[in-house]
Amino acid sequence: MVSVIASSVRKGNILEIEGRLYVVLSSENFHPGKGTPVTQIEMRRISDGVKVNERYKTTESLEKAFVETRDHTFLYNDGEGYVCMDKETFDQVTIPADVIGDYAPYLQENMEIRVSLHNGVPISIELPQRMVFEVVETEPVVKGQTASSSFKPALLSNGVRTMVPPHVTPGTRIVVMTEDGSYVERAKD
2 MVSVIASSVR KGNILEIEGR LYVVLSSENF HPGKGTPVTQ IEMRRISDGV KVNERYKTTE
62 SLEKAFVETR DHTFLYNDGE GYVCMDKETF DQVTIPADVI GDYAPYLQEN MEIRVSLHNG
122 VPISIELPQR MVFEVVETEP VVKGQTASSS FKPALLSNGV RTMVPPHVTP GTRIVVMTED
182 GSYVERAKD
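To get the working numbering, take the position in the sequence shown, counting from 1, and add 1.
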């Protein structure tokens, strides 16, 4: 294990606290006018999926767990979990649904993902940062709306709802951020 200061903890890091593993969901540093700067860390306990919020002094030491990250190919969902194959060893591993979490709608067959393993157990995944999806349905444009700040709801081919600019119509392929499902741009294909 490696000791790191709280202010250097980032999303996706795996921390070991009191013998339990936590995956960092978000980390934010606060520097009040008076007092000690603190780091607010939102984490999910890997063993049972419970979310935890903790505050640490920015200089406080935390234990970063040793995690092996390997490239995998997503194969299919068997109802009990998501089956992926290691690209080097061709071993298949089933990743539980709670580890996949909000990324489930973005998984596509034969897609490349990175799986983080701790002692051979999958604890988190990393998808490509951006993916292309087709807009299945969206509301018609209301005349008189300005194009600068008005977005409208749209349903994507993977079942995710997002906000898109008025010029996007059903059938348009768009680039989406996998982290939060937000619109980036029209696909260039």
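Every residue, glycine too, gets a C-beta built ideally from N, C-alpha and C.
Is the distance from the Cβ of Glu113 to the Cβ of Tyr77 below 8 Å?
What you label residue 113 is simply residue 112 of the sequence shown in a count that begins at 1. What you label residue 77 is simply residue 76 of the sequence shown in a count that begins at 1. Contact: no.
Counting only C-beta atoms, is Val161 closer than 8 Å to chain D at any point?
The structure shown has no chain D; it contains just one protein chain.
Grouping DSSP H, G and I as helix and E and B as strand, with all else coil, what is Asp72?
Counting from 1 along the sequence shown, the entry for residue 72 is found at position 71. If DSSP states are grouped into helix, strand and coil, Asp72 belongs with the strands.
With distances taken from CA atoms, which of Thr37, Gly20 and Ile47 is nearest Ser117?
Locating residue 117 in the sequence shown gives position 116, counting from the first residue. Comparing Cα-Cα distances from Ser117 to each of Thr37, Gly20 and Ile47, the minimum goes to Ile47.
Report yes if the C-beta of Ile126 is less than 7 Å from at least one heavy atom of the ligand PLP; otherwise report no.
The ligand PLP is not part of the structure shown, which contains no ligands of any sort.
With distances taken from CA atoms, which of Arg115, Pro33 and Met44 is nearest Leu26?
For this step, residue 26 is matched to residue 25 along the sequence shown. Minimum Cα distance to Leu26 is reached at Met44.
How far does the alpha helix (DSSP H) with Asp99 in it reach, from first residue to last?
Looking up residue 99 in the sequence shown gives position 98. Here the alpha helix (DSSP H) through Asp99 covers Ala98 to Ile101.
If you reduce the DSSP assignment to three classes, tell me which class Pro167 lands in.
For the purposes of this step, residue 167 is identified with residue 166 of the sequence shown, where counting begins at 1. If DSSP states are grouped into helix, strand and coil, Pro167 belongs with coil.
Return helix, strand or coil for Ser62, following the three-state DSSP convention.
Locating residue 62 in the sequence shown gives position 61, counting from the first residue. Three-state result, Ser62: strand.
Contact defined as beta carbons within less than 8 Å: I believe Ser183 pairs with Pro167. What is the distance between those atoms, to the nearest angstrom?
Against the sequence shown, residue 183 aligns to sequence position 182. Against the sequence shown, residue 167 aligns to sequence position 166. 16 Å between Cβ atoms; not a contact.
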